[in-house]
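Those protein sequence lines, which keep their order, are chains A and B.
Here the working numbering is used: the first residue of the first sequence is 76, the next is one more, and so on.
Here the working numbering is used: the first residue of the second sequence is 49, the next is one more, and so on.
Beta carbons: idealized from backbone N, C-alpha and C, even for Gly.
First up is the structure itself, then whatever we jot down about it.
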Amino acid sequence: MMHGAVCIWQRDMLVLRRNLFSEVATVLAFPLTFFLTFGLGLKGYIQDIEGVPYAIFVVPGLISMTAVLGAFDDSSWGMWFHRIVQKTIEEYRVNPITVVDIIIGKIFSGFTSGLFKGISVGICLLFLTGFQFTFAYLAVYLLFIFLGCMIFSCLGSLCGTLIDKPENLGRVEAVVVMPIIFLAGLFFPLSAYPDNVLPYIKAVPTTALFDGAREVLLDGKVDPVYLSMLGLSAIISFALAVRVFEKKMHG
Amino acid sequence: MGVAMKNEIELRQVTKVYGSLVAVKEVSLAVPKGIVFGLLGPNGAGKTTLVNILTTLLWPTSGSATIGGYDVLRDAAKIRSLIGVVPQENNLDRYLTARENLILHAKMHKMSPSSYHRRVDELLSLMGLTERQKDFPNKFSTGMQRRLVVARALVHDPQILFLDEPTTGLDPQAKRAIWDYFLSLKRKRTIFLTTHNMEEADFLCDQISIIDNGSPIAFGTSAQLKEMAESAWYYEIEVAGKAEEYVQAFQRLPFIESSSIQDGLIQVCLKKEGNLGSLVEQIDLKDLKKISSRQPSLEDVFLKLTGRRLRQ
């Protein structure tokens, strides 16, 4: 079954490789602006957080944000473009591959793209801040990023499958995706939330991703609850993306 | 058709419903191996829906269909390895070069690099695209894109070809070249063609089914279908101006079955019992430039059956 998925993934990687320079330039601009504004521009006005300088505190979150947004954008716009504009999904579907192949190929393309973008920004930020990290921590941090990219790639594919108008795709990103990223403690510690709000914030999988990933990279602390939440969310979003795509394709 | 002849494509009472719209209604068809079968009908008649069902893109609401003996619902993957599809729209990947578009298709069919490179070279040459193989399709004219779509459908040398309005947007020369290629495949491949171009259906098809509002309304060879329209005489009249006025006047005559203007010429269908003299009497001889009889066309058949033209 995976043969078709590999073909589609290889196609997407060929296109990504061809646009590598412009992709890297675009992907660096957004998190670097945040870093320069909050990490450097405002650092004199913001105290250290739990003993960590603010410029360092935001680095893990900025890398995670770049990775998952990259995965979401690539999957949602990619799926939408292939389905509505180019109609290449129809061409894929008259070949001896399954609709599951197509969605898996697209999810893995979004995932790879997100991972690549996250790592690019990570290298750049680590170089800028002189951030010291332990390699063992980095491996677990990458596991968080891996699961995050998988979840956001599945959600992106789901949106690209269900949404026909491009402006609505942009609205979902502005009204749903960005808030759940920003509210998950990207720029501040979760302890800033009132006690009665905190349980709700902790129930959102992006909190498991951003807070969990930061805890790992800064303190080497692995929260099994966060990891389980992410694993479960990845499985559910994958199953949902595949099912919805299958249903949509067969009319 | 002979009893022993194997049917490559079969539909039994196929219906497709979208909400309250019945796009295809209880269609039954049998297409023998090695022929060019044409589905002729106006836009919105249900042709593309039928092709989408046969190419496994859509599931029928009811009824069943088989391609090469395989069921469209149960053996979709098997069917997709047998068929090549030229869709109505040029759905090329604009981020891949012309050559890469064909290679991606070949890879999905699990062809080996040694066999697909040879085949891709062959098809690019056949379609006159060798010089442009490294260009992206969005730099191509509509005709070149169409030729690339046709080439893509042929990469894996399919046993059955589905052509949905294959020559739409092509200039006459390119259209003729593609028709000749399809004709060269006759007997070796089964071709299922949808078109609203009667000339295309007439030129290519061994059997034709005329479809309207989701249901077939006539079936046969081009000659058999035209016989249906032979209960009348067909004339083309050229007049100096006032063509509209003459058409209106002709329509009031009891011995005229239909009258319309096409490409500047008045098309008149005279009932068998009518006579040409009575028709000519209606025309001021100063206006009359030319009058000629013609053979009935598939357009006349459609008009006779539905009271409408194919491209209304």
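Check, Outcome
"Which of helix, strand or coil DSSP assigns to B:Phe85", "strand"
"Given 8 Å, three or more beta-carbon pairs between the stretch 127–141 of chain B and the stretch 166–180 of chain A", "yes"
"Where B:Met49 falls: helix, strand or coil (DSSP)", "Legend: pLDDT at B:Met49 = 41, less than 50; position of this residue unreliable, value from coordinates given subsequently. Reduced to three states, the DSSP call for B:Met49 is coil."
"Which residues DSSP lists as bridging B:Val133, in chain order", "B:Phe210"
"Per-residue DSSP class, three states only, for A:Val297", "coil"
"Near-chain B residues of the stretch 86–111 of chain A - C-beta to any C-beta below 8 Å", "Arg86, Leu89, Val90, Arg93"
"Burial state of B:Leu252, where buried means 16 or more other Cβ atoms lie within 10 Å", "buried"
"Cut-off 8 Å between Cβ atoms - residues of its own chain near B:Asp332, not counting five sequence neighbours on either side", "none"
"Sequence-distant residues of its chain with Cβ nearer than 8 Å to B:Phe184 (five each side left out)", "Arg142, Tyr143, Leu144, Thr145, Ala146"
"B:Gln193 vs B:Asn245 beta-carbon contact at 8 Å", "no"
"The stretch 287–302 of chain A in contact with the stretch 125–142 of chain A per 3-pair CB rule at 8 Å", "yes"
"Bounding residues of the beta strand (DSSP E) (the contiguous stretch that carries B:Leu313)", "313–319"
"A:Thr101 burial status per 10 Å Cβ neighbour count (16 or more: buried)", "exposed"
"Three CB pairs or more closer than 8 Å across the stretch 233–249 of chain B and the stretch 198–212 of chain B", "yes"
"Through-space distance from A:Cys82 to A:Ser308, alpha-carbon basis", "27 Å"
"Within chain A, the residues that B:Glu137 reaches when beta carbons sit closer than 9 Å", "Lys162, Glu165"
"Residue burial classification, A:Met304 (beta-carbon count within 10 angstroms, cutoff 16)", "buried"
"Secondary structure of B:Glu286, DSSP reduced to three states", "strand"
"A:Gly119 classed as buried or exposed, judged by whether at least 16 other C-beta atoms fall within 10 angstroms", "exposed"
"Alpha-carbon spacing of B:Pro108 relative to B:Pro214, whole angstroms", "24 Å"
"Residues in the stretch 170–199 of chain A having any Cβ partner in chain E nearer than 8 Å", "Absent here is chain E; the protein component of the structure consists of chains A and B."
"Endpoints, the alpha helix (DSSP H) within which A:Ser97 is located", "95–109"
"Near-chain A residues of the stretch 310–329 of chain B - C-beta to any C-beta below 8 Å", "none"
"Cβ pair B:Leu140, B:Ala199 closer than 8 Å", "no"
"Which residues DSSP lists as bridging B:Asn55, in chain order", "B:Pro80"
"Selection from A:Leu115, A:Ile256, A:Arg158 that minimises the alpha carbon distance to A:Ile177", "A:Arg158"
"6 Å CB neighbourhood of A:Tyr301 in its chain, flanking five on each side removed", "Ala283, Gly287"
"Classification of A:His78 by the beta-carbon crowding that lies within 10 angstroms, buried from 16 upward", "exposed"
"For A:Ile276, the first and last residue of its enclosing alpha helix (DSSP H)", "273–278"
"DSSP state of B:Lys352 mapped onto helix, strand, coil", "helix"
"Pair within 8 Å by beta-carbon distance, A:Ala142 and A:Ile220", "yes"
"Touch test, the stretch 84–91 of chain A against the stretch 175–193 of chain A, Cβ-Cβ under 8 Å, three pairs minimum", "yes"
"Inter-residue Cα distance where the pair is B:Val70 and B:Gly89", "16 Å"
"Cα-Cα separation between B:Glu248 and B:Ala280, rounded to whole angstroms", "24 Å"
"4 or more residues per run - each alpha helix (DSSP H) lying fully within the stretch 140–190 of chain B", "146–156, 161–174"
"Neighbouring residues, chain B, relative to A:Arg318 (Cβ below 7 Å)", "Near A:Arg318 there are no residues of chain B at all, since even the closest Cβ is about 16 Å away, more than 7 Å."
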